[in-house]
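Encoded as structure tokens, the structure appears first; notes follow it.
2 protein chains.
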Amino acid sequence: METISENTCFGGTQGVYSHSAKSTNCDMTFGLFLPDEAKYGPVPVLWYLSGLTCTHENAMTKAGAQGWAAEQGIALIFPDTSPRGDNVADDEAYDLGKGAGFYVNATEAPWADHYRMWDYITEDLPNLVFENFALDPERQAITGHSMGGHGALTIAMHFPDRFASVSAFSPICNPTDSDWGRKQLGAYLGSDEAKWTPHDASLLVREKGFDGPMLIDTGTDDQFGDLLKTEALAHAAAARRQQITLRMQPGYDHSYFFVSSFMEEHVSFHADALYSV
Amino acid sequence: METISENTCFGGTQGVYSHSAKSTNCDMTFGLFLPDEAKYGPVPVLWYLSGLTCTHENAMTKAGAQGWAAEQGIALIFPDTSPRGDNVADDEAYDLGKGAGFYVNATEAPWADHYRMWDYITEDLPNLVFENFALDPERQAITGHSMGGHGALTIAMHFPDRFASVSAFSPICNPTDSDWGRKQLGAYLGSDEAKWTPHDASLLVREKGFDGPMLIDTGTDDQFGDLLKTEALAHAAAARRQQITLRMQPGYDHSYFFVSSFMEEHVSFHADALYSV
């Protein structure tokens, strides 16, 4: 693991690190905010998964999360959204290939060699950060934005014992029934749609649910609202009697101006769950 | 209008009054909490519509609302849920007839003579209370529980200029598709289902929406969850991009123990809207 940078931030440290990842078979970069409390012992962790076109950097610089995390004594991890490098397959479209890993393990050419973001987020990166930093693996929570909200919700429901709570900002909710999803799941996983369903938050809520608190915020003026299919998740959660707070926030769009507006409440929401573990 | 009782309560007055109502063609009883501020001028009003089997009294004694309303300087009105009296038609079932007016104007025998709760709540009672008490008609909000949540949501969407905000505790959300609804709408309005749709909150959200904040709380352990059809409202609101906070509250049931647990947040929610009018 290589340290790219470390900056003092809200009394803690905002670091950027790179490492060679087995899952994605390439070097990966991530951001990690450690609150001051980490000097004295392992702290709880909030994973933040980013959306289409993002690297590890966008949320780290634009979401305004570190101040609230410092207040709560919680670490933040900002992974990248896809494998990187000259020998990694890509596509001209913004929503496929680099910056668009969709948090799945690709099985199809030309993606299968590197696009294994599911394993990266759920195995490689946890192994690395819990070995190298003062983080408490027994107290983890997860959130994300857009494609990252999709990742947070689907990963949380597959690892219910790992995450105390899950939230999402304007998540892609029903990718098996959206142009934000069908294209990518088809490319990465192939045409057999049965392989897509484990990566659809609305279907997962209906089938498995999540045994902990769930918070979803989406703007009423989200320019990608038709692609998110929030209504599918809303219906599934209410029908299952899933513990949830779902908010359609008036006037907000899909941007980080929206994410940052509600970051304090999301960090507080996760802190409540993390400190009652 | 006759004063049945007045008790000092949280520095204000909890009154119970009766009056002869033109709409329901019988004497009606209602509760009214006036905060101390009403001594000095008209105060904002929060309507609370009760559920099946209730009179004006249940919420007045069990919802724990007066303390929070006093803190916010807001009046509370607790209407009855049906016409009353020996010559008013009734049914042996708890969910039809007295205590089960469903906030509609009945057109069918034997109900049409008295069961005009829509007009009572939207015309008669407002005329009476704004004439007789220090209440500000320009600052009204509405909430309710179960059948009363259905009433609050449907009335708010039909009178969007009247209500700054709407909320509901475990509301009946989709009565045209539920045994809590089809039976009563059929009895009161007849078999032409086109006449039912103006009284279905999920259909109204889809068609009209509400131009203000909406807050819904329902328990994940609500014993009547299958009758409420919260999922229909959740889907409709998200699909329309209706401003909403919808919460499935873990472990709570349909009782006033649930209602009272979240009353503070509902009163605060309405106060935010009422004081920004």
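From first to last, the protein sequence lines are chains D and S.
According to my numbering, the stretch in the first sequence is residues 910 to 1186, in order.
According to my numbering, the stretch in the second sequence is residues 910 to 1186, in order.
In this text, a Cβ means the ideal position worked out from N, Cα and C, and glycines have one as well.
{"Item": "Contacting residues, own chain, Cβ-Cβ under 6 Å from S/M969 (five flanking each side not counted)", "Value": "G940 and F987"}
{"Item": "Alpha-carbon to alpha-carbon, S/V1038 and D/D1120", "Value": "47 Å"}
{"Item": "Interface residues of chain D facing S/E1140 [CB-CB closer than 7 Å]", "Value": "H1144, A1147 and A1148"}
{"Item": "Own chain partners of D/Y1003 with C-beta closer than 8 Å, once the 5 adjacent residues on each side are dropped", "Value": "L961, T962 and A1009"}
{"Item": "One or two residues paired with S/L1137 in a DSSP bridge", "Value": "None, per the DSSP bridge assignment."}
{"Item": "For D/P1159 and S/T1225, the rounded distance between their alpha carbons", "Value": "The structure shown does not extend to residue 1225 of chain S, since chain S spans only 910 to 1186, so no value can be given for it."}
{"Item": "Whole-angstrom distance between S/A974 and S/A1065, CA atom to CA atom", "Value": "20 Å"}
{"Item": "C-alpha distance - D/T1085 paired with D/D1101, whole-angstrom precision", "Value": "11 Å"}
{"Item": "Run of the beta strand (DSSP E) containing D/M1123, from where it starts to where it stops", "Value": "M1123 to G1128"}
{"Item": "8 Å contact criterion, which S/F1068 and S/F1167 should meet: CB distance rounded", "Value": "No, S/F1068 and S/F1167 are not in contact; Cβ-Cβ is about 27 Å, not under 8 Å."}
{"Item": "Pair within 8 Å by beta-carbon distance, D/Q1049 and D/V954", "Value": "yes"}
{"Item": "With 16 other Cβ atoms within 10 Å as the buried cut-off, status of S/N1014", "Value": "buried"}
{"Item": "Short Cβ contact (8 Å threshold) for D/L1136 with D/A1146", "Value": "no"}
{"Item": "Alpha carbon of S/T1193 to alpha carbon of S/S1076, nearest angstrom", "Value": "This structure leaves residue 1193 of chain S out entirely; chain S is present only between 910 and 1186."}
{"Item": "Residue interval of the beta strand (DSSP E) (run including S/W1020)", "Value": "That residue, S/W1020, is in no beta strand (DSSP E); it is neither H nor E in DSSP."}
{"Item": "With 16 other Cβ atoms within 10 Å as the buried cut-off, status of S/G1090", "Value": "buried"}
{"Item": "D/F1011 versus D/Q923, D/M1157, D/D1028 and D/E1001, residue with shortest Cα-Cα distance", "Value": "D/D1028"}
{"Item": "DSSP-derived helix/strand/coil call for S/G921", "Value": "strand"}
{"Item": "Beta-carbon proximity list for S/T1129, same chain, < 8 Å, skipping 5 on both sides", "Value": "M1157, Q1158, P1159, G1160 and Y1161"}
{"Item": "S/F1072 to S/P1046 span [Cα, whole Å]", "Value": "9 Å"}
{"Item": "Which listed residue (D/F942, D/M910 and D/T933) has its alpha carbon closest to that of D/S927", "Value": "D/M910"}
{"Item": "Beta carbon proximity, S/P1084 to chain D, threshold 8 Å", "Value": "no"}
{"Item": "CA-to-CA distance, D/H1175 to S/T964, given in whole angstroms", "Value": "40 Å"}
{"Item": "Cutoff 8 Å: D/T1052 Cβ touching any chain S Cβ", "Value": "no"}
{"Item": "Against chain D: residues of the region 1149 to 1166 of chain S by CB proximity under 9 Å", "Value": "R1149, R1150, Q1151, Q1152, I1153, T1154, L1155, R1156, M1157, Q1158, P1159 and G1160"}
{"Item": "Partner residues on chain D for S/G1134, Cβ-Cβ distance less than 7 Å", "Value": "R1150"}
{"Item": "Exposure label - D/A1141; buried when at least 16 CB within 10 Å", "Value": "buried"}
{"Item": "Three-state class that DSSP yields for S/I1081 in the structure shown", "Value": "coil"}
{"Item": "Whole-angstrom distance between S/A1143 and S/S1111, CA atom to CA atom", "Value": "8 Å"}
{"Item": "CB of S/V952 within 8 Å of CB of S/A1061, strictly", "Value": "no"}
{"Item": "C-beta neighbour in chain D for S/T1129, strict 8 Å", "Value": "yes"}
{"Item": "Option nearest D/C935 by Cα separation, candidates D/D995, D/T917 and D/F942", "Value": "D/D995"}
{"Item": "Run of the alpha helix (DSSP H) containing D/L1098, from where it starts to where it stops", "Value": "R1091 to L1098"}
{"Item": "Residue closest to S/Y1165, alpha-carbon to alpha-carbon, out of S/S1055, S/K948, S/I913 and S/R993", "Value": "S/S1055"}
{"Item": "Segment limits, alpha helix (DSSP H) that includes D/T933", "Value": "Unbroken run through D/T933: none, as it is neither H nor E."}
{"Item": "Contact belief for S/G1057 with S/A979 at Cβ below 8 Å, rounded distance in angstroms", "Value": "In fact, because the Cβ distance is near 22 Å, the residues do not count as touching under 8 Å."}
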